[in-house]
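*Asks:* Below are the structure tokens for one structure; questions will follow.
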Amino acid sequence: MALSSNKPYSVVGATRLLHVKIAVAGTYYKGGIMCINPSTGYAVKAADTANFGAITGVLTEGKIVGSDVVDAVLEIGSIWIDNASAVQTSVGSEAYATADDTIATSATNADPCGIIEDVEVGKAYLVRFGK
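Take 38 as the starting number for the sequence shown in the numbering used here and just add one per residue.
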């Protein structure tokens with residue numbers, strides 16, 4: 038599933054902001070999970086794709102429509118991500134960003150993007166993005 042509107046999110050503790058560039062045509066929403074594609078250096082929507090997990094964060098700005106290179110800002114740190122399937126046994130597990138609105142505890146191709154630090158069972162994961 039993909040975001041279709043801006044999504045509020047909350048953080049825990051200190052975070053850092055990473056200024057990035059988006060070069061892929063599309064629409065990007067605040068709260069969307071983004072990864073850096075290491076082969077291009079540009080931010081892309083999270084997907085179940087190999088090598089996208091090393092730098093992952095959440096888009097801080099409102100709706101961005103890109104057709105050229107666009108500047109954006111990602112927030113990196115401990116961020117609550119909605120997940121109706123969140124379970125207590127996931128705490129301490131590696132987190133995988135498999136879409137711009139999805140964190141999973143496993144993935145076919147995606148690399149880990151962080152650690153699940155806390156859970157609101159059936160509601161959300163607290164994911165510490167960054168390595």
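Ideal placement from N, C-alpha and C gives every residue a C-beta, glycine not left out.
Say whether the region 62 to 69 touches the region 125 to 135, bearing in mind that this needs 3 or more beta-carbon pairs closer than 8 Å, one atom from each stretch.
*Replies:* Not touching, per the Cβ criterion.
*Asks:* Considering only residues of the same chain and omitting the five flanking positions on each side of threonine 145, which have a CB-CB separation below 6 Å?
*Replies:* The sequence position of residue 145 within the sequence shown is 108, counting from 1. Excluding positions up to five away in sequence, the list reads Asp85.
*Asks:* Can you tell which of Ala123, Val124 and Ile118 has its C-alpha closest to the C-alpha of aspartate 138?
*Replies:* Residue numbering aside, residue 138 sits at position 101 when the sequence shown is read from its first letter. Closest by alpha carbon: Ile118.
*Asks:* Taking the C-alpha atoms as reference points, what is the distance between asparagine 74 and alanine 109?
*Replies:* As a first step, residue 74 must be located in the sequence shown, where it is residue number 37. As a first step, residue 109 must be located in the sequence shown, where it is residue number 72. Straight-line Cα distance between these residues: approximately 15 Å.
*Asks:* Going straight from the alpha carbon of alanine 123 to that of glycine 90, what length do you get?
*Replies:* Here the question's residue 123 lines up with position 86 in the sequence shown. Here the question's residue 90 lines up with position 53 in the sequence shown. The alpha-carbon atoms of alanine 123 and glycine 90 are separated by roughly 20 Å.
*Asks:* Roughly how many angstroms lie between the CA atoms of phenylalanine 166 and glutamate 157, to the nearest whole one?
*Replies:* As a first step, residue 166 must be located in the sequence shown, where it is residue number 129. As a first step, residue 157 must be located in the sequence shown, where it is residue number 120. About 17 Å.
*Asks:* How many Å lie between threonine 93 and glycine 159 at the Cα?
*Replies:* Within the sequence shown, residue 93 is the residue found at index 56, counting from 1. Within the sequence shown, residue 159 is the residue found at index 122, counting from 1. So the two alpha carbons sit approximately 23 Å from each other.
*Asks:* Assign alanine 83 to one of two classes, buried (16 or more other C-beta atoms within 10 Å of its C-beta) or exposed (fewer than that).
*Replies:* If you number the sequence shown from 1, residue 83 lands on position 46. That one is buried.
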